[in-house]
Each structure stands twice: as structure tokens, then as C-alpha cells.
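So the sequences go chain by chain: A and B.
So the first sequence is numbered by our numbering: it starts at 1 and just counts up by one.
So the second sequence is numbered by our numbering: it starts at 273 and just counts up by one.
Note that the Cβ used here is the ideal one computed from N, Cα and C, for glycine as well.
Each remark here refers to the structure printed beneath this line.
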Amino acid sequence: MSGLGNILPFLQYPFMQRALAAGLVIGLLCAVVGVYVTLRSMSFFSDAISHSALAGIALGVLLGVDPVLAAVVFCVVVATGITFLTLQTELTSDTVIGVFFSGSMALGVLLIGMQKGYQTDLLTYLFGDVLAVTTFDVVLSFGLAVLVLGVVFSRSTLLLKIAFNRDLAAVEGVRVRTWDYVFMALLALTVAVSVKIVGIVLVSALIIVPAAAARNIAPDFRRLMGLSVVFGVIGAVLGLVASFYLDTASGPTMVVVVVLIFVATLLLGRKN
Amino acid sequence: MSDGPDTNALHPNAAVLVEDLSLVLGGTTLFEHISFAVDEGEIAMIIGPNGAGKTMLMRTMLNLLPAQSGRVTLFGRDSRALGAVRDRIGYMPQRLDFDRTFPITVHEIMLLRLKKSGFWLNRSGRRAVVHTALESVHAEKLIDRRIGRLSGGEFQRVLLAYALLTDPELLFLDEPAAGVDVGGEDTFYELIHDLKRARTLTVVMVSHDLDVVVKYADQVLCLNRELLCRGAPGTVLVPDMLEKTYGSMAAPYRHHHK
Numbered sequence: 001m002s003g004l005g006n007i008l009p010f011l012q013y014p015f016m017q018r019a020l021a022a023g024l025v026i027g028l029l030c031a032v033v034g035v036y037v038t039l040r041s042m043s044f045f046s047d048a049i050s051h052s053a054l055a056g057i058a059l060g061v062l063l064g065v066d067p068v069l070a071a072v073v074f075c076v077v078v079a080t081g082i083t084f085l086t087l088q089t090e091l092t093s094d095t096v097i098g099v100f101f102s103g104s105m106a107l108g109v110l111l112i113g114m115q116k117g118y119q120t121d122l123l124t125y126l127f128g129d130v131l132a133v134t135t136f137d138v139v140l141s142f143g144l145a146v147l148v149l150g151v152v153f154s155r156s157t158l159l160l161k162i163a164f165n166r167d168l169a170a171v172e173g174v175r176v177r178t179w180d181y182v183f184m185a186l187l188a189l190t191v192a193v194s195v196k197i198v199g200i201v202l203v204s205a206l207i208i209v210p211a212a213a214a215r216n217i218a219p220d221f222r223r224l225m226g227l228s229v230v231f232g233v234i235g236a237v238l239g240l241v242a243s244f245y246l247d248t249a250s251g252p253t254m255v256v257v258v259v260l261i262f263v264a265t266l267l268l269g270r271k272n
Numbered sequence: 273m274s275d276g277p278d279t280n281a282l283h284p285n286a287a288v289l290v291e292d293l294s295l296v297l298g299g300t301t302l303f304e305h306i307s308f309a310v311d312e313g314e315i316a317m318i319i320g321p322n323g324a325g326k327t328m329l330m331r332t333m334l335n336l337l338p339a340q341s342g343r344v345t346l347f348g349r350d351s352r353a354l355g356a357v358r359d360r361i362g363y364m365p366q367r368l369d370f371d372r373t374f375p376i377t378v379h380e381i382m383l384l385r386l387k388k389s390g391f392w393l394n395r396s397g398r399r400a401v402v403h404t405a406l407e408s409v410h411a412e413k414l415i416d417r418r419i420g421r422l423s424g425g426e427f428q429r430v431l432l433a434y435a436l437l438t439d440p441e442l443l444f445l446d447e448p449a450a451g452v453d454v455g456g457e458d459t460f461y462e463l464i465h466d467l468k469r470a471r472t473l474t475v476v477m478v479s480h481d482l483d484v485v486v487k488y489a490d491q492v493l494c495l496n497r498e499l500l501c502r503g504a505p506g507t508v509l510v511p512d513m514l515e516k517t518y519g520s521m522a523a524p525y526r527h528h529h530k
């Protein structure tokens, strides 16, 4: 590690090693899931889920459970609730999202207030903190990434078909409603593992922006996916390294990098 | 208009059997007590004014909307549990239901269907099947085109090729030529007519163009929340019936012949 550390000095720090390992996985994961989220115009769903992570984290801290693990469970529950209400009632999805978005945020702030003493570490979840990434977080993000990417890639045709036209998929025998639940759960897992590095407020940007940037220039689905992954990974890694040198918060730096990529592809796409 | 409980016995060759079908959504009745049968090899066209429930009827027949009551049978199977019969059915939704900015090529769209039914094929084998399907609708040159770059008529033909990919015996087409320029529209129906000659194909179609209905339909279904008439174009498309279906503004047919 010391040889590599001479060239890339930030690798000398164990916290940066952990952050980069987790960041790489999260950048990849968010970019892949983000392709389907943007194709299905679900960006506000990811916002609602990410804001509910605050309540999950606060619950974890209060109950003495690992906060990220608590957020994983809580986000999946919220995602299931949103999907259920959207599918089974006549409420419009923006109403459902609005209720969950602010409701779970309020619950999170209330729960944080119930914690005795020092509360700052909960607030670092809002914008992400590389220093907080533990070895357990790295292992958890790897494990969940394998699970989510495994489902997404083994069912990529099916997920794309639903995104392209739900009715066609349903007529061909796809259980679209079941897959709505599955996809929302995958999105919830993606959000929950990303929250610690990227932050609650910005995680959906890391999901949406790489895919949106890829869409500016991709001529077909295959390259949409490929470019989104490249942009997501570059954004995550470059953002982390930049935040190390500039001494800035990790989440906002990553998001600024992917937004710059978005602007560049937007200009490039316009030109062609 | 209901045929009553004997519909089944009256239509032993029915590819499509609709019995007393009603749809209620959010307390509003969109259509009710619809019964009809479409025999194998027939072209049935559903006509009616805007908001008559034509698309809703087709979507209910395909179990995309939950019927309040009644039953739809396709090739003898209840449409809620089609099983293997699904592969004998092709569906073409309205063109406007699609997001044309979706970054996907014609070839990739076709693969969405082929990867299930043709999973044993390799890459070039799949491409050959896609090419053949596109050829049957004269769209093979569009294979690598992004859908955003297709004209309305070209996109319709791609959707038809998609529906035909599994060699279906029953096609559901929702306003298949809506928004296509007049010349292109005629070609589209001729295309379906030709396809029908090459194989036994039953077609259920929503159409707004009465000229087309007269020319190609074997059976016309006049819908305006209930089934107001059904039968051959010559017996159904008479001023009385049209007025009943479209109301006092029963002008569309005469309008086309001005």
C-alpha cells in the first residue's frame, strides 16, 4: 500500500481507503439503479425514500442498532408503503410522496431530539461524512450492491420492458405490480447504503444525475447504461478525492462533479 | 344488446368472447353490459366518439383494468388466467402511450420480447429474427434507428412488428393509425389486411376512421358506454345507428364523403 500511497497520497489514510471502497460501489450502484429511476420518471420517489432515511438512522441510534442497518430496514418499509398506497388507492403518487417525504423527515427530527446529549453525528448524515465510514459499512455496501445488481442485471430485460411500456409488459404476463414493489425495495437499499457518504439531502442526485447525463448523449439503451456507470463511478471517486484535498464535505463534492458532467454532456448533446 | 347466457354456445369458433362486461373506476361507470364475440379470422372494429370507453374496453379485455363484472375469454381461456395463450396474442397500445425520448433503438425494443420467446438464439440469430419481423411490416431499414428519430407512421409499424414477433393469432390494436398522415394510414390498414391473408389472424381494433371501418371491418361494434350496435359495416353504419352512437353530431361519416 505504501508504494501506491506515494503516488496517491490519500490512500495512506485508512478512512480514505474505506471511503473510496464504499464510494466506488455506491457510485456504481446508484448509476445502475438511476437508469431505471430516470426512465420511469421516479426521481421524487428516491427523494422521498432518502429523506425517510433520517428517521431510520435516528431510530437506530435510539435503539442502539447500527444506524445504516436501521436505515436499510426503515427505507424498505417506507418504499413498500409508498408503493402500496400508489397502487392500491386513488391517491396520486405526488400526494403519497409528499406525505411520506415530509412526514418521515419530521419523524426523523423528532427522534433526533429525543436523543440525550451530543447530537451532531446524526446531522452529519444530512450531507455525508467520509470519516464516519466504518469497515462494517464497506462490507454492508458490498453485500447489498451484489444483491441489488444481481437482481437488476439478471432481470434487466424485464425491468426495461416495464419502464418502456407497462401495458405491453403486463399483456406478456409480467407481474408489473410485484416488480414495482421489488424495484422500490432495490431503490430503498441503494439509498440507504449511500446515505452515510453522500448524505440524505443529496443521495438522490447521485442516483439521478449520472443517468440523466448519459441520456444526454446515449444513442441506445446499452450505452445509456454504460455511460451512466462511468459517470457515476467517476463522480464518486473524483468527488471523494477532491473533497480530501479541498477539505470539503464528501456528498456535495461528489454531486458537484456529476452535475459538471451533466452540463458537459448537455452541451455535447445539443451540439450533435 | 346482451346475448345472454347462450353466447358461448352460439360462437363455437370465437377467438374472443366478451360476456356482460362492465368497468367502474372511482365510482364512475365507463361502460356496462358489453357482450360480443369475434370469430377466428375476423376483423372487428370498435368505433365511437371520444370518451366512449373504446380504449378502456380494449384494456379491460386484456385484463389491464379490473372489470367490475362480466368475463372475457380469449381462445377459450379466461383473460385473467391466460397462461400459454399469451404467446398467441399481440397487443399494440396507442402511440401516444409511449415516451418517444426513451433512449432505445428499434432493435433493442424488439429484443425485449425476443429474449423471452427466443432465448435459445445467439446474437446474430436474434438479429435475423428481428430483421424478418421488421421486413413483414416494411420497416427493416429502421432496425438501428433510435425511436425518437422515427416518424409517426414508422413508429406504428415498429409497434406492429413487435406485436407480430411471436407469430400471434389474435391482435389487439388501439387506434393503430391515429395521427399518421392520410396516405400512410391507408398503407397501414393494407398492411394488416395483407398480413391477414398470409395467416389466420383475428383482429380487434379501435378505430376513429369510418372510411377504414367500411373498407376493412368484418364486424363493427358501436360503443358509447354501452354497446349500441354490432354487425357488418353495411348493416350497422347507417344514419340511425351513427346518430345513436355519436349523438346528434352524427357527422363524421358523411363528413368524410363531402
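{"Check": "Assumed close pair A/Val96, A/Ile82 - CB separation to whole angstroms, cut-off 8 Å", "Outcome": "6 Å"}
{"Check": "Inter-residue CB distance, A/Gly143 and A/Val198 (contact presumed, cutoff 8 Å)", "Outcome": "In fact, because the Cβ distance is near 18 Å, the residues do not count as touching under 8 Å."}
{"Check": "Contacts of A/Gly173 in chain B (Cβ-Cβ under 8 Å)", "Outcome": "Leu354 and Arg358"}
{"Check": "Interface residues of the stretch 361-383 of chain B facing chain A [CB-CB below 9 Å]", "Outcome": "Ile361, Gly362, Tyr363, Met364, Pro365, Asp369, Phe370, Asp371, Thr373, Phe374, Pro375, Ile376, Thr377, His379, Glu380, Ile381 and Leu383"}
{"Check": "Pick from B/Ala504, B/Tyr518 and B/Glu498 that is closest to B/Leu302, judged by C-alpha positions", "Outcome": "B/Glu498"}
{"Check": "Chain B contact residues for A/Arg277, given Cβ-Cβ distances below 9 Å", "Outcome": "Outside the displayed span of chain A (1 to 272) sits residue 277 of chain A, for which this structure offers no information."}
{"Check": "B/Leu414 to A/Val61 span [Cα, whole Å]", "Outcome": "57 Å"}
{"Check": "A/Val193 to A/Cys75 span [Cα, whole Å]", "Outcome": "10 Å"}
{"Check": "For A/Val230, three-class secondary structure by DSSP", "Outcome": "helix"}
{"Check": "Beta-bridge pairing of A/Val77 - partner residues as DSSP gives them", "Outcome": "DSSP, once it has assigned bridges, lists no residue as partnering A/Val77."}
{"Check": "Assigned secondary structure, A/Phe262 (DSSP; H/G/I helix, E/B strand, else coil)", "Outcome": "helix"}
{"Check": "Any C-beta of chain B under 8 Å from that of A/Lys196", "Outcome": "no"}
{"Check": "Residues that DSSP places opposite B/Arg349 in a beta bridge", "Outcome": "B/Leu346"}
{"Check": "Where A/Asn216 falls, given that 16 or more other Cβ within 10 Å makes a residue buried", "Outcome": "buried"}
{"Check": "Within chain B, the residues that A/Arg215 reaches when beta carbons sit closer than 7 Å", "Outcome": "Pro375"}
{"Check": "Cα-Cα separation between B/Thr332 and A/Val33, rounded to whole angstroms", "Outcome": "32 Å"}
{"Check": "Cβ pair count under 8 Å reaching 3, the stretch 234-245 of chain A against the stretch 174-191 of chain A", "Outcome": "no"}
{"Check": "First and last residue of the uninterrupted beta strand (DSSP E) at A/Met42", "Outcome": "Premise fails: A/Met42 is in no beta strand (DSSP E) and is neither H nor E."}
{"Check": "Interfacial residues, the stretch 311-339 of chain B to chain A, with Cβ spacing under 9 Å", "Outcome": "Arg331, Leu334, Asn335 and Leu336"}
{"Check": "DSSP-derived helix/strand/coil call for B/Phe374", "Outcome": "coil"}
{"Check": "Under the three-state DSSP convention, the category A/Tyr13 falls into", "Outcome": "coil"}
{"Check": "Buried or exposed by the 16-neighbour rule on C-beta atoms within 10 Å, applied to B/Glu515", "Outcome": "exposed"}
{"Check": "B/Val288 and B/Ile306 closer than 8 Å at C-beta", "Outcome": "no"}
{"Check": "Contacts that B/Lys387 makes with chain A (C-beta to C-beta distance below 8 Å)", "Outcome": "Thr157"}
{"Check": "Start and end residues, beta strand (DSSP E) containing B/Ile361", "Outcome": "Ile361 to Met364"}
{"Check": "Nearest residue (CA-CA) to A/Val146, options A/Tyr125, A/Thr38 and A/Cys30", "Outcome": "A/Cys30"}
{"Check": "Residue closest to B/Arg352, alpha-carbon to alpha-carbon, out of A/Phe231, A/Val109 and A/Val174", "Outcome": "A/Val174"}
{"Check": "Outcome for A/Thr135 when other beta-carbon atoms lying within 10 angstroms are tallied against a minimum of 16", "Outcome": "exposed"}
{"Check": "Secondary structure of A/Gly150, DSSP reduced to three states", "Outcome": "helix"}
{"Check": "Buried/exposed call for A/Met114, threshold 16 Cβ in 10 Å", "Outcome": "exposed"}
{"Check": "Under 8 Å from the C-beta of A/Phe221: neighbouring residues of chain B", "Outcome": "Pro375, Ile376, Thr377 and Glu380"}
{"Check": "Own chain partners of B/Tyr525 with C-beta closer than 6 Å, once the 5 adjacent residues on each side are dropped", "Outcome": "Because B/Tyr525 sits at a pLDDT of 47, beneath the cut-off of 50, its placement in the model cannot be relied upon, and the point is left open."}
{"Check": "Cα-Cα separation, B/Lys487 to A/Ser46", "Outcome": "51 Å"}
{"Check": "B/Asp311 - containing beta strand (DSSP E), residue span", "Outcome": "Thr300 to Asp311"}
{"Check": "Residue range of the alpha helix (DSSP H) that includes A/Ile197", "Outcome": "Val176 to Val198"}
{"Check": "Chain-order list of residues whose beta-carbon lies under 6 Å from that of A/Ser204 (same chain, five-residue window excluded)", "Outcome": "Ser46, Asp47 and Ser50"}
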